[in-house]
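Engineer: The sequence shown: position 43 = 62 (our numbering), numbered continuously.
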Amino acid sequence: MPSGTVKWFNKNKGYGFIAPEDGTKDVFVHASSLEMAGVDSLAEGQKVQFDVQPGRDGKVSAHNLRVDG
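(1) Considering L53, what are the terminal residues of the alpha helix (DSSP H) in which it resides?
(2) Taking the straight line between their C-alpha atoms, what separation do you get for K78 and V71?
(3) Classify Q65 as helix, strand or coil using the three-state DSSP reduction.
(4) Secondary structure at P39, three-state DSSP: helix, strand or coil?
(5) Please list the terminal residues of the continuous beta strand (DSSP E) segment that includes S60.
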């Protein structure tokens, strides 16, 4: 399962981005992924683990989110 660091997450807008540890392109994370993980919000710099799921637009998003610590 890939891991990374939260770059930013805007709770009001309901999305943000994670910087993967492997240096690949930032991964989009939607509030629905947080809800499914039982997480209310993410903080900048927070360590997370996630699965990557490709979207219809060719971009990837984080799913099955796990917050470290």
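The C-beta atom is built at its ideal place from N, Cα and C for all residues, glycine as well. Since this is a predicted model, take the numbers as computed values, not measurements.
Structural biologist: This is what the structure holds:
(1) Reading the sequence shown from its first residue, position 34 is the one you call residue 53. Run containing L53: A50 to A56, per the alpha helix (DSSP H) assignment.
(2) Translated into the one-based positions of the sequence shown, residue 78 becomes position 59. Translated into the one-based positions of the sequence shown, residue 71 becomes position 52. Spanning the two alpha carbons is a distance of roughly 10 Å.
(3) Here residue 65 refers to the residue found at position 46 of the sequence shown. Q65 falls in the coil class under three-state DSSP.
(4) Against the sequence shown, residue 39 aligns to sequence position 20. Of the three classes helix, strand and coil, the one that applies to P39 here is strand, per DSSP.
(5) In the sequence shown, counting from the first residue as 1, residue 60 sits at position 41. Run containing S60: none; DSSP gives neither H nor E here.
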